[in-house]
Every structure is written in C-alpha cells, then in structure tokens.
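Novice: First the structure, which I've put down as structure tokens, then a few questions once you've had a look.
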Amino acid sequence: MHIRALTDAEPFTTADGSTIRSLLDRTTAPVVQQSLAEATISAGTATTRHYHRVAEEIYYLLEGRGEMDIDGQRARVSPGDAILIPPRAWHQLTADGDATIRMLCCCSPPYAHEDTYFA
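The sequence shown maps to residues 1482 to 1600 in the numbering used here.
Below is the structure:
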C-alpha cells in the first residue's frame, strides 16, 4: 500500500513554470502508467505555452480562476472544472490576477521534464 500526504511532497518548478508537489509518481511509489501532483500557478501569471509528445494530462481545478488555451481554443476555467489535454496539444493556463490557481494534475504516462516541448 502506498499513501503519501501532500505535506510530505517537496515543491519544485516544472519546465513550464508551474510549482508542483508530486504526490505519486515514479520517484515516490512503484507507479508505472500515471502520475498525480498538486500544481499551483500564482495569481496573474501563466505557464509557458508547451506540449507533451507522449503524455496525456487531466487538470482538475480546486481553487482560483483563469483561462485555459489548448491549441488556440480558449475557455474560462474555475474550481470543479476538469480539463483534458491530449498528447501533442499546445497548452497554457493563465491565472486571473486576484487568486492563485491550485489544481490536481494527472499524467499518463507519468510526467517527465524530457516530454515537455516549447516553441
């Protein structure tokens, strides 16, 4: 059995500029096909536009509001929204200026810096 508390996860900055606390991934458990992390994007900032060649991602917003851009399609997002990001889809999430976005991020296969590509 593998249970990991968020308080045990050290934050780090990913290649796209978000702050991540990895809950379960290849470095913390015998994970094979997915990863789960809490991500934050500070108020008034955005991730760097990027894509993943292999990973499919799902974002689930817990706090904050902003704008999601996937391959040029933009939509407002808020707590309770789940967002699918297919492999090879260019994407960027921008937090509104009044609150930090806090979300869960699931990746399959597990997140890897090497699978993050920029323009």
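All C-beta atoms in this analysis are idealised placements derived from N, C-alpha and C, irrespective of residue type, glycine included.
For H1483, count the other beta carbons within 10 Å of its own beta carbon; 16 or more makes it buried, fewer makes it exposed. Which is it?
Specialist: Here residue 1483 refers to the residue found at position 2 when the sequence shown is read from its first residue. Exposed, by the Cβ-count rule.
Novice: Measure from the alpha carbon of L1504 to the alpha carbon of each residue in T1495, A1520 and R1485, then state which is nearest.
Specialist: In the sequence shown, counting from the first residue as 1, residue 1504 sits at position 23. When C-alpha distances from L1504 are compared across T1495, A1520 and R1485, the shortest belongs to R1485.
Novice: So what does S1503 bridge to, in DSSP terms?
Specialist: Numbered from its first residue, the sequence shown carries residue 1503 at position 22. Its beta-bridge partners are A1518.
Novice: Using a Cβ-Cβ cut-off of 8 Å, state whether T1581 counts as contacting chain D.
Specialist: Looking for chain D here will not work: only one protein chain is present.
Novice: Tell me where the beta strand (DSSP E) around H1572 begins and ends.
Specialist: Locating residue 1572 in the sequence shown gives position 91, where the first residue counts as 1. H1572 to A1576 is the extent of the beta strand (DSSP E) around H1572.
Novice: Does the Cβ-Cβ distance between S1523 and A1576 come in under 8 Å?
Specialist: Here residue 1523 corresponds to residue number 42 of the sequence shown, with the count starting at 1. Here residue 1576 corresponds to residue number 95 of the sequence shown, with the count starting at 1. Yes, they are a contact pair.
Novice: Could you check where the beta strand (DSSP E) with V1558 kicks off and where it finishes?
Specialist: Position 77 of the sequence shown, counted from the first residue, corresponds to residue 1558. Here the beta strand (DSSP E) through V1558 covers Q1554 to V1558.
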